[in-house]
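Below is one structure, written out as structure tokens, with a few remarks after it.
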Amino acid sequence: MSTTTQQEREQRQPDAMPLAPREFGRWAWRQFTSMRTALVLLFLLALASVPGSVVPQDGVDAFAASQWREQHPDLAPVYDRLGLFDVYGSVWFSAIYLLLMLSLVGCIVPRCKVYLDALRAAPPRAPRNLERLPEHRSFATDEAPETVLERARGALPGYRAVSHEPGTLSAERGYLREAGNLLFHVSVIVVLVGFALGSLLGFKGGVIVVKGNGFANTLSQYDDFVAGKLFDEKSLEPFSFTVDDFDVTFITEGREAGMAHEFTADLTYRRGLDGEPQRQQIAVNHPLEVDGTKVYLISHGYAPHITVRDGAGHVAFSGPVVFLPEDATFRSFGVVKVPDARTRSGQPLQLGLEGELYPTYGFTMRTGPFSAFPDDKDPLISMTAWRGDLGLDDGVPQSVYDLDKSGLTQLKNDDGKPVRLDLPLGATQRLPDGLGSVTFDGISPFVKLQISRTPADWLALLGVSLALLGLLGSLFIRPRRVWVRVRRTDGDAGGPGRTLVEVAGLDRSSGGDLSTRIDTMAAQIKGAGREEP
Amino acid sequence: MSHDQFEVLSNQAVAVCAVFYFVAVMLHVAEWAFARSVAPARVAVGPDGEPLVDAAHQAADATGRTAQMARWGYVATVVAAGVHLVAVVARGLAADPVRVPWGNMYEFTLTATLVVVIGYLFLQRRLEASWLSPIVTGFVLVTLMVDVLLLYTPVVPLRDALQSPWLVIHVIAAIIATGAFTLGGMCSVLYLVKARWLERRDVAADRPAGYLARVPGLEQLDRLAYRTHAFAFPLWTFAALIAGPIWAQHAWGRYWGWDPKEIWAFITWVVYAAYLHARATAGWKGRQAAVIALVGLATLWFNFVGINFFFGSGSQHSYAAELVARTLGG
Numbered sequence: 290m291s292t293t294t295q296q297e298r299e300q301r302q303p304d305a306m307p308l309a310p311r312e313f314g315r316w317a318w319r320q321f322t323s324m325r326t327a328l329v330l331l332f333l334l335a336l337a338s339v340p341g342s343v344v345p346q347d348g349v350d351a352f353a354a355s356q357w358r359e360q361h362p363d364l365a366p367v368y369d370r371l372g373l374f375d376v377y378g379s380v381w382f383s384a385i386y387l388l389l390m391l392s393l394v395g396c397i398v399p400r401c402k403v404y405l406d407a408l409r410a411a412p413p414r415a416p417r418n419l420e421r422l423p424e425h426r427s428f429a430t431d432e433a434p435e436t437v438l439e440r441a442r443g444a445l446p447g448y449r450a451v452s453h454e455p456g457t458l459s460a461e462r463g464y465l466r467e468a469g470n471l472l473f474h475v476s477v478i479v480v481l482v483g484f485a486l487g488s489l490l491g492f493k494g495g496v497i498v499v500k501g502n503g504f505a506n507t508l509s510q511y512d513d514f515v516a517g518k519l520f521d522e523k524s525l526e527p528f529s530f531t532v533d534d535f536d537v538t539f540i541t542e543g544r545e546a547g548m549a550h551e552f553t554a555d556l557t558y559r560r561g562l563d564g565e566p567q568r569q570q571i572a573v574n575h576p577l578e579v580d581g582t583k584v585y586l587i588s589h590g591y592a593p594h595i596t597v598r599d600g601a602g603h604v605a606f607s608g609p610v611v612f613l614p615e616d617a618t619f620r621s622f623g624v625v626k627v628p629d630a631r632t633r634s635g636q637p638l639q640l641g642l643e644g645e646l647y648p649t650y651g652f653t654m655r656t657g658p659f660s661a662f663p664d665d666k667d668p669l670i671s672m673t674a675w676r677g678d679l680g681l682d683d684g685v686p687q688s689v690y691d692l693d694k695s696g697l698t699q700l701k702n703d704d705g706k707p708v709r710l711d712l713p714l715g716a717t718q719r720l721p722d723g724l725g726s727v728t729f730d731g732i733s734p735f736v737k738l739q740i741s742r743t744p745a746d747w748l749a750l751l752g753v754s755l756a757l758l759g760l761l762g763s764l765f766i767r768p769r770r771v772w773v774r775v776r777r778t779d780g781d782a783g784g785p786g787r788t789l790v791e792v793a794g795l796d797r798s799s800g801g802d803l804s805t806r807i808d809t810m811a812a813q814i815k816g817a818g819r820e821e822p
Numbered sequence: 109m110s111h112d113q114f115e116v117l118s119n120q121a122v123a124v125c126a127v128f129y130f131v132a133v134m135l136h137v138a139e140w141a142f143a144r145s146v147a148p149a150r151v152a153v154g155p156d157g158e159p160l161v162d163a164a165h166q167a168a169d170a171t172g173r174t175a176q177m178a179r180w181g182y183v184a185t186v187v188a189a190g191v192h193l194v195a196v197v198a199r200g201l202a203a204d205p206v207r208v209p210w211g212n213m214y215e216f217t218l219t220a221t222l223v224v225v226i227g228y229l230f231l232q233r234r235l236e237a238s239w240l241s242p243i244v245t246g247f248v249l250v251t252l253m254v255d256v257l258l259l260y261t262p263v264v265p266l267r268d269a270l271q272s273p274w275l276v277i278h279v280i281a282a283i284i285a286t287g288a289f290t291l292g293g294m295c296s297v298l299y300l301v302k303a304r305w306l307e308r309r310d311v312a313a314d315r316p317a318g319y320l321a322r323v324p325g326l327e328q329l330d331r332l333a334y335r336t337h338a339f340a341f342p343l344w345t346f347a348a349l350i351a352g353p354i355w356a357q358h359a360w361g362r363y364w365g366w367d368p369k370e371i372w373a374f375i376t377w378v379v380y381a382a383y384l385h386a387r388a389t390a391g392w393k394g395r396q397a398a399v400i401a402l403v404g405l406a407t408l409w410f411n412f413v414g415i416n417f418f419f420g421s422g423s424q425h426s427y428a429a430e431l432v433a434r435t436l437g438g
């Protein structure tokens, strides 16, 4: 194309016919597999990745994404339609990387063929004018041409050297560069396949387990669960575990006071439905692995044990309630829903409590209540109380960490102020109007665990490692051609003739330092014998 | 020495090395200023065609002084790098227990600037890239100032999530790659500036050679930029796409989670991949490739600075803010 001269083009112009579909297809394919297209697609890929870092993603932080939707009711539907909450699964993002892969395959397959041919081919003949090459040296010697050529061969270790015609030597090295290049590009596809398998077949779930409680690996036990499109619920490995203990050490002195470290959870787990119970301690960076499924310790918090007695004196609710930590001091927020209480006269009544837990309670007039330290040294719960309809019966799923107040009225004291239950550990406080009482019985830690499986992660790792290997080859192996030509010249004034030696080289990649290499080569060909004393 | 004393030592070493970098910048600027007066190869000629002895004398004198300034500037840089190294090591010894000093942005910047200087000293010795000296020393000085003024964090132990051998592997690879990309970016900037200068000079050919006469030709600049980038790119691939995912798999249970930091590391990787491709594509060589390299550098720095500040709470990599334990609500 580029060799077409202006004149030729002008000649062809008048009777230029519209391209036949076949030709057009070939032309389009050539354009598509060109480096230029690949470059544009690479830029598009980089650009298309940006929104995923700005807009919260459903698959990364579902909570943040739903919050964002609530805060931007006008934009959210538009974003939803554009797939901005799931950028990396969206049609347009997939289109870009699939096109890139297709362009890559279209580029790599022909190059593989060219490469295989080149592997079999001998180094090309020496050009007629060696002095026109970028690096060129010549010198004269008294030695025989054969001796010089023989020494030249010796000076080219690692080269494939051929003598096409007497008096010349063609040598080439660095065949592995293109192999590395091809390996890199093929490996990119391997990584993509591994990644795709992982995200299609894998899953990631989260569950909060209070110390002493257990978990069985079935879908219903998860608090949140994200799975790939081809994930089969039946493929969940049957295993179960209980959280026997949880330990965390808080630094109590110095600048880093309050910082938690050395989180460990002791689990007893059973493989399968009736496996032998086994014990294992998990910690950050040290997950439990059961048949390819991994259990990670992500975070922790407190679950106060709360007992609610109703007006009739019955225990309407009793047990640990998970309070979610809100900040580094573990000031935590939680909700208690009591759907089956009764009044003193036996009427059904629903009660709701919401409030905060302070693991180490502190109070000043200026700040109000606060948590002085993240450890549960002196816990206190401070809650408000509500009655009415909790909204549990209308079939709409509800968060257990949120009180739907649309059907509730706040309980008030005789003086009209809202009731506030401030319960230190072990305390009981009565609700107004004889509605019952609330007791803070005890406190247990809970752990947030992530349970996940990514099949074919080894394939992705293998792919990316091979890609790196190929990359190193394609960047640092220097393909180079060297030619040597020797010519016998007649000696002037009847003296003995001399041998004229020409050495020239061509770097087939940029960035090389050819000239010093050719210098040393020329020096080696000159030979040790010729070194002046 | 106690841990606290090491922290003081580290802080003082940072101050001392900044002073030496400042001296180095001054010397190199002086070197360039002296060189400017001799840069035109022609010696001033008197009205009768005879060279003005005075001018020639002055030029020779300036050449001597230039070389002297360059030498002293180099010495100051080497001393500064030594003190800088002390600052980094002491920073690690200041923590209890002793750890690698790459736990937060302050420490990362402290180490990355040291890598830039060491890389420059290497280029200087191997490839005689002394023309980089004012830019490198100036850049390192300013970055260190920003680091101390805006990013300083007292020494604290590593969070549990960071306590892994992969911290050492992942972060050192990222730091070296960042340093090398930065050096490569400097070459690309000089390439663009010089290309522009050469274009302008065609118009006014008799303009005296400016400071840029000291910078090598476009081809050499391009080659050096390429070699630096070619060194950094596989390292970045290893840091961001191999060591990072392996560690993430261990710590967070997923090897790639589209966390903002991961996204931008990926973007950086894609842009530098485009740079390497561009250099092999007709019409994209030279200037376009240099621009792409600088876009890559911008994404790299944005990832480092921007993500921590703008997307802080949303990223599991947010070490700028001191989060004791990240708790996933909801």
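So the protein sequences, as listed, match chains G and B. For the first sequence, this note's numbering begins at 290 and goes up steadily by one. For the second sequence, this note's numbering begins at 109 and goes up steadily by one. C-beta: ideal position from N, C-alpha, C; glycine also.
How big is the Cα-Cα spacing for residue i and residue j?
i: Ala365/G; j: Ala516/G; result: 23 Å
i: Leu486/G; j: Leu748/G; result: 9 Å
i: Cys125/B; j: Pro242/B; result: 16 Å
i: Leu761/G; j: Val196/B; result: 30 Å
i: Arg267/B; j: Leu525/G; result: 32 Å
i: Leu240/B; j: Tyr228/B; result: 8 Å
i: Ala450/G; j: Ala411/G; result: 8 Å
i: Leu679/G; j: Leu638/G; result: 10 Å
i: Ala629/G; j: Gly635/G; result: According to the sequence displayed, residue 629/G carries Asp and not Ala. Their Cα atoms are separated by approximately 11 Å.
i: Pro399/G; j: Phe520/G; result: 36 Å
i: Gly190/B; j: Ala184/B; result: 10 Å
i: Gly211/B; j: Tyr260/B; result: 12 Å
i: Val308/B; j: Leu320/B; result: Note on identity: in this sequence residue 308/B is Arg, with Val being the wrong assignment. Cα-Cα distance, rounded: 12 Å.
i: Leu330/G; j: Ala317/G; result: 15 Å
i: Phe492/G; j: Glu522/G; result: 10 Å
i: Asn502/G; j: Asp555/G; result: 12 Å
i: Val349/G; j: Leu270/B; result: 21 Å
i: Phe289/B; j: Val378/B; result: 14 Å
Any idea if residue i is buried or exposed, counting beta-carbon neighbours within 10 angstroms, 16 or more meaning buried?
i: Gln567/G; result: exposed
i: Ala123/B; result: exposed
i: Ala149/B; result: Note that Ala149/B has pLDDT 45, beneath the 50 cutoff, so the model's placement of it is unreliable and the number below is only indicative. With fewer than 16 Cβ atoms within 10 Å of its Cβ, Ala149/B is classed as exposed.
i: Leu328/G; result: buried
i: Pro159/B; result: Bear in mind that the predicted position of Pro159/B carries a pLDDT of just 49, short of 50, making it unreliable; the figure below should be weighed with that in mind. Pro159/B is exposed by the Cβ-count criterion.
i: Phe352/G; result: exposed
i: Thr582/G; result: buried
i: Asn411/B; result: buried
i: Tyr299/B; result: buried
i: Tyr448/G; result: buried
i: Asn506/G; result: buried
i: His603/G; result: exposed
Would you please verify whether the beta carbon of residue i is less than 8 Å from any beta carbon of chain D?
i: Tyr368/G; result: Looking at the structure shown, chain D is missing, and the protein chains on hand are G and B.
Taking 7 Å as the cut-off, is the beta-carbon of residue i closer than that to any non-hydrogen atom of the ligand COA?
i: Asp683/G; result: Among the components modelled here there is no ligand, and therefore nothing to report on the ligand COA.
Report task. Could you tell me whether the region 685-699 of chain G touches the region 619-629 of chain G, where touching means 3 or more Cβ pairs closer than 8 Å? Result -> yes
Query - Ranges of the alpha helix (DSSP H) found wholly within the region 221-289 of chain B, counting only runs of at least 4 - result: 241-258
Query raised in the report: Is the number of C-beta pairs between the region 336-349 of chain G and the region 359-379 of chain B that are closer than 8 Å three or more?
Result: yes
Query raised in the report: Which of the residues in the region 353-365 of chain B, read from start to end, lie with their CB under 9 Å from any CB of chain G?
Result: Pro353, Ile354, Trp355, Gln357, His358, Ala359, Trp360, Gly361, Arg362, Tyr363, Trp364 and Gly365
**Report entry** Residues within the region 225-251 of chain B neighbouring chain G, beta-carbon criterion of under 8 Å
**Finding:** none
Query raised in the report: According to a CB-to-CB cut-off of less than 9 Å, which residues of the region 331-344 of chain G neighbour chain B?
Result: Leu331, Phe332, Leu334, Ala335, Leu336, Ser338, Val339, Gly341, Ser342 and Val343
Query - Secondary structure, beta strand (DSSP E): runs of 3+ residues fully inside the region 462-526 of chain G - result: 492-499, 503-505 and 513-516
Requested in this report: Tell me, please, whether the region 561-577 of chain G touches the region 344-359 of chain B by the rule of three or more beta-carbon pairs shorter than 8 Å.
Outcome: yes
Requested in this report: Tell me the start and end of each unbroken alpha helix (DSSP H) in the region 731-771 of chain G that is at least 4 residues and wholly inside, in chain order.
Outcome: 746-765
Query raised in the report: If you pair each beta-carbon of the region 737-751 of chain G with each one of the region 698-706 of chain G, do three or more pairs fall below 8 Å?
Result: no
Query - Entirely enclosed beta strand (DSSP E) segments - the region 599-651 of chain G, minimum 3 residues - result: 604-609, 621-631 and 637-647
Report task. Please name the residues in the region 371-385 of chain B whose beta-carbon is closer than 7 Å to at least one beta-carbon of chain G, in chain order. Result -> Ile371, Trp372, Phe374, Ile375, Val378, Val379, Ala381, Ala382 and His385
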